[in-house]
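Written below as structure tokens is the structure these notes are about.
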Amino acid sequence: MNLKPATLSRIDELITHYPVKRSAVLMLLHAIQEDVGFISNESIEWVAAKLELQPINVYEVVTFYPMFRQKPIGRRHIKVCRTLSCALLGGYKTCATFEKEFNTHRGEVSPDGEVTIEFVECLASCGTAPVVMIDDDLHENVDCAKAKKLSEQIKAEAKQR
Ligand code: FES
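Here it is in structure tokens:
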């Protein structure tokens with residue numbers, strides 16, 4: 023499995039935080055997803071071996087928690103809040119704007135491989151709804167016009183690559 027050396031050392035360090043190795047399973051899965059974007063079957067087997075578990079034990083964790091992805095995502099990850107405040111203030115329209123801008127649907131990788139758009143639950147910034155996270159950055163008051171602007175920014179950044 024192709025994990026970055028920094029991720030491998032982080033994983034070894036994380037395991038030391040727990041009296042029983044297997045308790046580190048969630049933390050390891052988060053570290054791997056952060057590094058490679060999703061949890062493959064190969065990752066599941068790797069984590070199982072590392073924590074002296076059966077692959078099925080790790081698979082159950084991956085499929086139980088919705089935050090773990092089993093498919094690759096686009097280079098940029100757009101997460102649109104759909105909980106009450108955001109939904110009432112136009113979060114669904116915001117999401118539709120991103121989908122239109124990138125010619126894609128929620129949960130899929132856009133045809134250019136640039137983005138994956140997803141709905142998420144409350145991002146803890148309800149007072150500035152609708153709220154969107156792009157990778158690790160929170161964006162507030164994202165109405166359709168702002169969603170369009172952010173999309174243009176992402177496209178411009180992609181061209182510079
Ligand atoms: S409802 Fe969207 S941030 Fe809380």
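Just add 22 to wherever you are in the sequence shown, counting from 1, and you've got my numbering. Note that CB positions come from ideal geometry on N, CA and C, so glycine has one too. Treat the numbers as computed from the prediction; the structure is a model and nothing was measured.
Sorry if obvious, but does the Cβ on residue i come closer than 6 Å to a heavy atom of the ligand FES?
| i | result |
| --- | --- |
| S62 | no |
| C117 | no |
| V154 | no |
| A169 | no |
| L111 | no |
| C160 | First, the residue type needs correcting, since residue 160 is Leu and not Cys in the sequence shown. For the ligand FES, not one heavy atom lies less than 6 Å from the Cβ of L160. |
| C108 | yes |
| T29 | no |
| S45 | no |
| T105 | yes |
| L145 | yes |
| C166 | no |
| A178 | no |
| A71 | no |
| A151 | yes |
So the candidates are the options; which of them puts its Cα closest to the Cα of residue i?
| i | options | result |
| --- | --- | --- |
| E74 | E82, V102, S45 | S45 |
| L138 | T85, E123, V69 | The residue asked about is misnamed: residue 138 is Thr in this sequence, not Leu. The option with the nearest alpha carbon to T138 is E123. |
| M49 | E64, T126, T29, S62 | T29 |
| A180 | R98, N24, C103 | R98 |
| G135 | V164, E143, I100, V142 | I100 |
| F90 | I66, R104, Q76, P77 | I66 |
| P88 | V69, N125, G129 | G129 |
| D26 | K171, A53, A169 | Sequence check: residue 26 is Lys here, not Asp. The option with the nearest alpha carbon to K26 is A53. |
| C117 | Q76, A169, Q182 | A169 |
| D158 | S107, E64, V102, T85 | V102 |
Using the rule of at least 16 other Cβ atoms within 10 Å of the residue's Cβ for burial, across every protein chain shown, is residue i buried or exposed?
| i | result |
| --- | --- |
| V47 | buried |
| E121 | buried |
| S173 | buried |
| H161 | buried |
| L145 | buried |
Counting only beta-carbon separations shorter than 7 Å, does residue i have a partner in chain B?
| i | result |
| --- | --- |
| L75 | Among the protein chains of the structure shown there is no chain B, as only one such chain exists. |
Q) Between the region 109–129 and the region 150–163, do at least 3 Cβ pairs fall closer than 8 Å? A) Touching, yes.
Q | alpha helix (DSSP H) runs wholly inside the region 45–83, at least 4 long, in chain order | A | Runs of alpha helix (DSSP H) with 4 or more residues, each lying fully within the region 45–83, are found at 47–58, 63–72, listed in chain order.
Q: Give a yes or no on contact between the region 52–68 and the region 94–109, applying the rule of three or more CB pairs nearer than 8 Å.
A: Touching, yes, given that three or more Cβ pairs across the two stretches are closer than 8 Å.
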